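In my numbering, the protein residues as written are 9 to 207. Just so it is clear, CB atoms sit at the ideal spot from N, CA and C, and this is done for glycine as well. Here the structure is a predicted model, which means the values were calculated and not measured. Shown next, in structure tokens, is the structure this report addresses.
And the structure:
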């Protein structure tokens, strides 16, 4: 009887190791997709280009004009962008997203809402900045449209114009020999196809 239990436990150890490796890769892959979809959504909603700046240890989402003031399709700034430097920072622990919003005060002649005069209000035109830190021992590489090789990100920019289209990009998230490769749809900014190897 003990032999059977030991055999079952021994056989399940490699299986659980594969599940742990998959979970450690799926979370960064999910966060990267979330940032890409957020960038596309914000670009079309606010009619201003957004960019993901890909680095080896973190990814930054921000309006494209902040990444490159001389952007050829830079949209004229609004009053909301002027308040970006006074933004409150909402931050959580490592391997989660940090979000920065600009604020505006609610002003109304209606006395019923006067108690909310000091409350921050987030409008559709407020620039959004997010940052995701890649977990330790996890790396990722990028392959652009018609590129044959995978390259380390090193400040690579992934631009999301207001038209809703983005560069079709492939991102490989890797830890040891295990990896997940995601191909992103240029129309939706979401994952179109996935390949993985989880030894």
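If you draw a straight line from the alpha carbon of residue i to that of residue j, how long is it in whole angstroms?
i	j	result
residue 167	residue 157	20 Å
residue 187	residue 61	21 Å
residue 27	residue 207	10 Å
residue 80	residue 29	Only weak support is given to the placement of residue 80: the predicted model assigns it a pLDDT of 41, under 50, and the question is left unresolved by the model.
residue 7	residue 69	Any question about residue 7 goes unanswered here, given that the chain covers just 9 to 207.
residue 108	residue 193	Because residue 108 carries a pLDDT of 44, less than 50, the predicted location of this residue cannot be relied on, and the following value inherits that uncertainty. Taking the straight line from one Cα to the other gives about 27 Å.
residue 200	residue 191	6 Å
residue 56	residue 155	28 Å
residue 144	residue 174	28 Å
residue 44	residue 52	13 Å
residue 181	residue 33	6 Å
How far does the beta strand (DSSP E) with residue i in it reach, from first residue to last?
i	result
residue 171	From DSSP, residue 171 is part of no beta strand (DSSP E); its letter is neither H nor E.
residue 147	147-151
residue 191	186-192
residue 143	No beta strand (DSSP E) holds residue 143; DSSP gives it neither H nor E.
residue 56	Premise fails: residue 56 is in no beta strand (DSSP E) and is neither H nor E.
residue 202	199-205
residue 71	66-71
Looking at C-alpha atoms only, which residue of the options is the closest neighbour of residue i?
i	options	result
residue 171	69, 64 and 58	58
residue 46	205, 201 and 197	197
residue 153	140, 142 and 179	179
residue 64	36, 195, 72 and 174	36
residue 162	140, 205, 67 and 138	67
residue 71	139, 205 and 38	139
Is the beta carbon of residue i sitting closer than 8 Å to the one on residue j?
i	j	result
residue 203	residue 189	yes
residue 146	residue 177	no
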